[in-house]
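Heads up: the sequence lines are chains A and B, in that order. Residue numbering for the first sequence follows our numbering, beginning at 1 and increasing consecutively. Residue numbering for the second sequence follows our numbering, beginning at 1001 and increasing consecutively. The beta carbon of each residue, even a glycine, is placed where N, CA and C say it ideally should be. This one's a predicted model, so the numbers in the text were calculated from it and none came from an experiment.
Protein chains: 2
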Amino acid sequence: MSPPSAPPKRVRKSPEARRAEIVGRAATIALTEGLECITMRRVAEDLAVRPGLISHYFPVAEELVAEAFGTAASDELEELIPAERPIGSALDSLARFFALSAGARYDDMSRLWLNARHLSRFRPVLAERVAAQEAAWRDRITEVLREGTAEGVFRPEDPAVAAILILVVLDGLGVHANTDRSNRPAAVTNMAVTTAERELGLASGTLLALVEGAAASAAPTD
Amino acid sequence: MSPPSAPPKRVRKSPEARRAEIVGRAATIALTEGLECITMRRVAEDLAVRPGLISHYFPVAEELVAEAFGTAASDELEELIPAERPIGSALDSLARFFALSAGARYDDMSRLWLNARHLSRFRPVLAERVAAQEAAWRDRITEVLREGTAEGVFRPEDPAVAAILILVVLDGLGVHANTDRSNRPAAVTNMAVTTAERELGLASGTLLALVEGAAASAAPTD
DNA sequence: TTGCCTATTGGTCGAGCATCCAATAGCGTT
DNA sequence: AACGCTATTGGATGCTCGACCAATAGGCAA
C-alpha cells in the first residue's frame, strides 16, 4: 500500500486546456445527468482535482453551468445542421436534421433543453445562453429554409415563421417524450415533419420519405 | 412591546383543514415561484407555523411537492374544461379552452408544467403525478373531441391522436414562451388552434374566430 | 541549474435543506 | 371541571452546496 500521507501528484496544465477540460466534463454531466448535477465538487471529482481548482476557473458556479449548456447546445446544432454544407442540398439538410432529431441520441439534448429552460428561471446568466442558443438554432434552420426557397424546393410564406413552427413542434414532442414516449401513434411522432411539409408547401409525404431514408442510412437497421 | 419570551399562540386545527391549508399554500408557491421553492421552512413561514408541523403532515418532502402540483394542475384543468359542461357544446368548450390557455393566467400553469416535467427526472413520486395529470388532460380533451364528433361538428381521424397533437403544440408554445414571448408572429401564436382546425376537419378560421370571441368576452378589452 | 510565476491544493466557513424527537399545550370528551 | 389525546412546538443533527484564502509545488524562462 501507499504510505499514509502520500502527497497526491499534481498535474499542471495550461489554463486553456484545463478550462476546456472542465467545460467538456460539465457538458457531459449536463447531457447525462442534468444541469443541477454540475457541481464544483462533482466536476472536480470526475477530473481528479480539488474543488478549489474549479472555482479558480469559474469563480461563480453559474458561469460554468451556462458555459456547459452553451457548449453542448452549439455542438449538437453543428452535428444536426453543419454550418458548412454543400450548396443545393437544402432538402437533404432538412431531412438529415429531422432524421437525427428523431434518433435516440437527440433525446438527451431534448431533455437538456427542457432542463435549461426551466433552470433559466433562477439563473440569469444561463437564461442569456439559452436565449442565444435558441436564436442560433432558429437562425440556422431559417438559413436552410431560405436556401431551399432560393433553390425552388420550398415555398414558405415566411421562412422565419416556418422555422419557429418547426422548433415549437419539436420542443413540444420533446417535453412529451419525457413522460410517455411509449406506444405513440405515428401521426404524433411525425408531427414535426408533417408541419414542415405543410409550412414549406411540400407534397404530403415527400419529406417524410426522405427523412426515413436518411434515418435508415444513418443507423443501418443493425 | 411584548415580553422577551412571549410564548407564541398555538392554533390547533383539524388534520384535514391543516392538510388542505398546507397543500393550498404549496400549490400557490408552485405556481408563482416554482416547485423547488416548496420547502418545509418556506411553507411553514407562510402559514405562521413551525417547520416540524409540515413534516408531521408530510414526512417526506417530495410527497408535498407532488400533491401541490397535482392540486394546481387538476384545478386548472377544471377551470379550462369543466367536467360538467352543457351537452351539445363541444365546439364552445374547445374554443373556451383555447381562449383561456392563451391568457396571461395560464402562463403560470404552463411554466409549472415545464417545471414539473423537468423535476420529474429526479423525483419519482412527482413523476407519477405528472403522468397522471397528463393523462387527465389528454383524456378530457379527448372527451370533448368525441362529443363534438358525435354532434357532427368534428371529423377527426382519431380523437385521441388529435388530443395529443393539440397538447404537444400547446406545450411547445409554452416552453418557447418562456424565453421569447415578445413580438411573436400571429401564425405562431395561433398554431394550436390551427392544428386543431386541421386535425378536426374544420374550415380554416372557423375555430379561430370562436376562440377570439371567447377571449374577448372573458376579458372585455378593459 | 536556479528562480519566479501561478496553477493547484487543502482546509474552512456559513447558509439552506430534510429529517427526527421529546416536551408542550389546545380542545373535545367525560 | 378535570382528563387524555394529539396537534404543535423548539431544538438538534447531519447533509450538500458555493465561496474564500493562505500555503504549496509544477514547470517555463533566465
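Using a Cβ-Cβ cut-off of 8 Å (strictly less than) and excluding sequence neighbours within five positions of residue i, which residues of its own chain qualify?
i	result
Ile1164(B)	Arg1138
Thr32(A)	Asp108
Leu119(A)	Leu35, Glu36, Val65 and Leu126
From residue i to residue j, what distance separates their C-alpha atoms?
i	j	result
Glu78(A)	Glu128(A)	20 Å
Arg1155(B)	Gly88(A)	40 Å
Ser1204(B)	Thr1195(B)	10 Å
Cys37(A)	Val43(A)	9 Å
Leu1225(B)	Pro1015(B)	Outside the shown range of chain B, which is 1001 to 1222, sits residue 1225(B), and nothing can be said about it.
Pro1086(B)	Ser1093(B)	9 Å
Val175(A)	Arg12(A)	42 Å
Leu202(A)	Val153(A)	8 Å
Thr1206(B)	Leu200(A)	23 Å
Pro4(A)	Phe1122(B)	Note that Pro4(A) has pLDDT 48, beneath the 50 cutoff, so the model's placement of it is unreliable and the number below is only indicative. Cα-Cα distance, rounded: 38 Å.
Ala68(A)	Ala1083(B)	45 Å
Ile1100(B)	Glu1147(B)	Going by the sequence as given, residue 1100(B) is Leu instead of Ile. Going from the Cα of Leu1100(B) to the Cα of Glu1147(B) covers about 20 Å.
Nearest by alpha-carbon distance to residue i: which of the options is it?
i	options	result
Lys9(A)	Gly172(A), Phe154(A) and Val49(A)	Val49(A)
Leu170(A)	Val23(A), Asp107(A), Ala26(A) and Leu47(A)	Asp107(A)
Glu151(A)	Glu16(A), Leu91(A), Asp158(A) and Ala186(A)	Leu91(A)
Glu1021(B)	Pro1086(B), Leu1047(B) and Val1011(B)	Leu1047(B)
Leu1167(B)	Thr1142(B), Arg1025(B), Ala1186(B) and Thr1149(B)	Thr1142(B)
Thr1071(B)	Pro1124(B), Arg1018(B) and Thr1028(B)	Thr1028(B)
Glu134(A)	Leu112(A), Glu45(A), Leu202(A) and Gly34(A)	Leu112(A)
Gly1172(B)	Ser110(A), Ala66(A), Arg198(A) and Ala104(A)	Ser110(A)
Ala1192(B)	Ala1218(B), Val1125(B), Ala1162(B) and Ser1182(B)	Ala1162(B)
Arg198(A)	Ala73(A), Leu119(A), Ser120(A) and Pro159(A)	Pro159(A)
Ala66(A)	Val125(A), Ala104(A), Pro59(A) and Arg105(A)	Val125(A)
Just to confirm my understanding: we take residue i, look at its own chain, exclude 5 residues before and 5 after, and list those with CB closer than 6 Å. What are they?
i	result
Ala1095(B)	Leu1210, Val1211 and Ala1214
Ser1002(B)	Per-residue confidence for Ser1002(B) stands at a pLDDT of 40, beneath the threshold of 50, marking its modelled position as unreliable; no derived number is given.
Phe1097(B)	Leu1080 and Ile1081
Asn115(A)	Gly34 and Leu35
Hey, could you find the ends of the alpha helix (DSSP H) residue i is sitting in?
i	result
Arg155(A)	No alpha helix (DSSP H) contains Arg155(A), which DSSP labels as neither H nor E.
Pro1051(B)	Pro1051 to Tyr1057
Ser93(A)	Ala90 to Ala102
Ile1022(B)	Pro1015 to Glu1033
Phe69(A)	Ala61 to Leu80
Thr1189(B)	Ala1186 to Thr1189
Leu207(A)	Thr206 to Ala218
Ala1083(B)	Careful: Ala1083(B) lies outside any alpha helix (DSSP H) and carries neither H nor E.
Leu47(A)	Met40 to Leu47
Strictly below 7 Å CB to CB, what residues from chain A border residue i?
i	result
Ile1164(B)	Val188
Leaving out the 5 sequence neighbours to the left and right, which residues in its chain are closer than 7 Å to residue i when beta-carbon positions are compared?
i	result
Met40(A)	Pro51, Ile54, Ser55 and Ala61
Tyr57(A)	Arg18, Arg19 and Ile22
Find the residues of chain B that neighbour residue i, judging by a C-beta separation of less than 7 Å, and give them in chain order.
i	result
Leu173(A)	Val1168
Met191(A)	Leu1165 and Val1168
Mind listing the chain B neighbours of residue i? Cutoff is C-beta to C-beta under 9 Å, in chain order.
i	result
Asn115(A)	His1118 and Arg1121
Gly34(A)	His1118, Arg1121 and Phe1122
Anything in chain A within Cβ reach of residue i, meaning under 8 Å, just list it in chain order.
i	result
Val1161(B)	Pro185, Ala187 and Val188
His1056(B)	The contacting residues do not exist; His1056(B) stays about 28 Å from chain A at best.
Check whether the Cβ of residue i sits closer than 6 Å to any heavy atom of the ligand FAD, and report yes or no.
i	result
Ile1038(B)	In terms of ligand content, the structure shown is empty, and the ligand FAD therefore cannot be addressed.
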